[in-house]
Amino acid sequence: MVDIHRTHYSNQLSDNLVGQQVRVAGWVEDIRDIGKLAFVVLRDVTGACQLVVTGESLPVAVQTPRQSAVVVSGTVQKSKARDFPYEVKVTEFSILAKAANQLPIDPTGRVESASDKRLDARALDLRNPRVAAIFRLRSAGLEVIRDTLRKENFSEVNTPKIIGSASEGGANLFGFDYFKRKAYLAQSPQLYKEQLTLGFDRVFEIGPYFRAENSHTVRHLTEFISVDVEAAFTDYTDIIDLVEKLVGNVIGEFRDKRKADVELAGLESDLSFTKIDRLTYEQCLDELSKEGEKLEFGDDLSDAALRRLGEIHRGFYFIMDWPLKLKPFYIHEKEDDPRLSKSFDLQYGYLELVSGGRRLHDSDRLKSRLVKQGLNPASFSDHLKAFDWGMPPHSGMGLGFDRLMMVLTGAQNIRDVVLYPRDTERLTP
Ligand code: AMO
43 MVDIHRTHYS NQLSDNLVGQ QVRVAGWVED IRDIGKLAFV VLRDVTGACQ LVVTGESLPV
103 AVQTPRQSAV VVSGTVQKSK ARDFPYEVKV TEFSILAKAA NQLPIDPTGR VESASDKRLD
163 ARALDLRNPR VAAIFRLRSA GLEVIRDTLR KENFSEVNTP KIIGSASEGG ANLFGFDYFK
223 RKAYLAQSPQ LYKEQLTLGF DRVFEIGPYF RAENSHTVRH LTEFISVDVE AAFTDYTDII
283 DLVEKLVGNV IGEFRDKRKA DVELAGLESD LSFTKIDRLT YEQCLDELSK EGEKLEFGDD
343 LSDAALRRLG EIHRGFYFIM DWPLKLKPFY IHEKEDDPRL SKSFDLQYGY LELVSGGRRL
403 HDSDRLKSRL VKQGLNPASF SDHLKAFDWG MPPHSGMGLG FDRLMMVLTG AQNIRDVVLY
463 PRDTERLTP
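Note that this note's numbering has the sequence shown beginning at 43, numbered continuously upward.
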């Protein structure tokens with residue numbers, strides 16, 4: 043029986059191992075058959091190494107379809123090859139799983155494949171080192187966010203994704219039959235995370251949310267990952283500080299500790315980080331007006347307006363103090379100017395990455411806002427009752443993690459940083 047365990051990954055071959063037996067495992071990327079011997083490039087998750095195959099193993103090795111899974115024993119020696127400092131002189135070559143001769147894409151990336159074809163074969167696409175680097179960065183980004191929030195005394199929670207009524211209001215809910223009733227997929231954990239500040243003070247959730255948006259853009263998916271945060275006894279500026287810290291820490295990690303993956307990803311990402319500008323909505327109107335883009339107080343900032351602002355403010359910037367009427371029912375007004383709200387968005391150029399704010403914590407005011415926004419307080423009764431249990435003043439935010447990854451890897455399309463994207467057309471794989 044073949045031993046399927048490796049002793050070393052390809053990036054662990056070193057001077058110390060020269061002359062020693064090792065077992066390496068991975069996928070055959072390339073075979074160069076030069077008669078009495080063959081050079082095989084074996085790729086594993088850490089990189090690639092060269093195998094030198096002669097003798098009994100030679101006929102098996104040269105017949106192996108590329109991308110087959112193999113495990114190989116042999117002796118480590120120094121290599122004269124340009125790309126490999128060491129190689130393994132093979133004594134035993136075992137094919138564990140043969141790949142098909144015709145693969146849907148070339149995972150080495152030498153032959154470019156169309157984006158749709160790559161998404162159709164995503165698991166195979168991940169053998170492309172450039173693609174793997176993007177998803178390793180994604181995993182590292184999540185780790186940094188979790189670490190940062192834990193250090194700030196946030197507890198990670200999980201709230202339901204199957205819900206009985208809309209959490210945010212609005213029409214972009216996916217509904218489905220649920221044992222003779224109607225249920226919906228959660229658009230956001232908004233109401234749950236607010237309620238949880240009652241007992242847990244500071245909570246965060248990283249999870250998938252669903253929006254039935256018929257958008258065909260490079261920044262919208264129907265299922266996306268959000269980092270949601272909610273904290274008792276905080277105001278919205280505390281959350282703005284927290285967002286700045288989260289983004290700064292992820293950038294710091296990428297720049298200082300993940301350089302190899304950033305370079306491998308080969309994308310033009312912006313990892314320069316300074317303090318993030320904090321503009322108000324009204325300042326934005328002034329700036330836009332100087333650029334000839336006339337907007338009235340209360341107008342939403344259109345895509346075109348945001349693109350214009352993005353040209354003035356390259357990189358990250360906050361837009362604070364939006365008109366109250368543009369924000370959801372749970373957002374608190376500014377005490378000194380009730381036309382305005384204690385709200386903010388984090389932008390990167392035209393792209394909105396985060397929105398958040400201070401919430402109403404008084405049940406009567408919340409009910410009257412629901413009515414003002416055309417929503418029925420009775421459909422929020424389960425939520426509203428928690429406001430009679432000593433609801434603390436609280437603030438929070440939702441960060442579109444896929445969009446943050448787009449910015450930090452320099453990807454032009456959200457689908458490049460999501461393993462199995464879901465949009466209006468794509469439901470598989
Ligand atoms: P909002 O609806 O602005 O706020 O969503 C928060 C962030 O989630 C990201 N996002 C999306 N990403 C990809 N595809 C989509 N279709 C999509 N929709 C949203 C964006 C956005 O900034 N409850 C509030 C947050 C809060 O106040 O705590 C909310 O859901 O980056």
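Positions of the beta carbon are idealized from the N, C-alpha and C atoms, including for glycine.
In this text, all values refer to a predicted model and were calculated from it rather than measured experimentally.
- Here methionine 447 is buried, its C-beta having at least 16 other C-beta atoms within 10 Å.
- Partner residues in the beta bridge of threonine 117, as assigned by DSSP, are Gln63 and Lys131.
- Only residues of its own chain outside the window of five on either side were considered, and among them Ser405 have a CB closer than 6 Å to the CB of phenylalanine 429, listed in chain order.
- Under a 10 Å Cβ-count criterion, glutamate 333 is classified as exposed, with fewer than 16 other Cβ atoms of the shown protein chains found around its own Cβ.
- Under the three-pair Cβ rule at 8 Å, the region 60-72 counts as touching the region 106-117.
- Setting aside the 5 residues that flank it on each side, isoleucine 248 is surrounded in the same chain by Val269, each with a C-beta closer than 6 Å to its C-beta; the list follows chain order.
- Between the ligand AMO and isoleucine 456, a heavy atom-to-CB distance of less than 7 Å is present.
- Secondary structure of isoleucine 248 (DSSP, three-state): strand.
- Contact between the region 292-301 and the region 253-273 is not established, with fewer than three Cβ pairs separated by less than 8 Å.
- Here the C-alpha atom of threonine 106 lies approximately 33 Å from the C-alpha atom of proline 463.
- Spanning the alpha carbons of phenylalanine 242 and aspartate 319 requires a straight line of approximately 31 Å.
- If you check the CB distance, arginine 261 and isoleucine 456 come in under 8 Å.
- For a cut-off of 8 Å, the C-beta gap from phenylalanine 81 to glutamine 92 is around 6 Å, short enough to register as a contact.
- Here leucine 313 has Ile293, Phe296 and Arg297 as same chain residues with Cβ atoms under 6 Å from its own Cβ, once five neighbours each way along the sequence are excluded.
- Counted as a single uninterrupted DSSP element, the alpha helix (DSSP H) harbouring aspartate 158 occupies residues 157-162.
- Closest by C-alpha distance to leucine 179, out of Ser397, Ala141 and Phe443, is Phe443.
- The straight-line gap separating the alpha-carbon atoms of histidine 436 and valine 449 is approximately 29 Å.
- Assigned with DSSP and collapsed to three states, isoleucine 205 falls in strand.
- When Cβ pairs closer than 8 Å are counted between the two stretches, the region 164-177 is seen not to touch the region 216-223, the count staying below three.
- Considering only Asn170, Arg85, Leu100 and Ala213, the residue with the shortest C-alpha distance to isoleucine 76 is Leu100.
- If you look at proline 380, you'll find it isn't in any alpha helix (DSSP H); it sits in the beta strand (DSSP E) that goes 379-383.
- Apart from the 5 residues on each side of it in sequence, alanine 347 sits with its Cβ closer than 7 Å to the Cβ of Leu330, Glu335 and Leu337 in its chain, given in chain order.
- Per DSSP, reduced to three states, the secondary structure at methionine 433 is coil, with no helix or strand assignment.
- The count of Cβ pairs closer than 8 Å, one atom from the region 148-160 and one from the region 178-198, stays below three, leaving the stretches out of contact.
- Taking C-beta atoms as the reference points, valine 245 and valine 396 fail to come closer than 8 Å.
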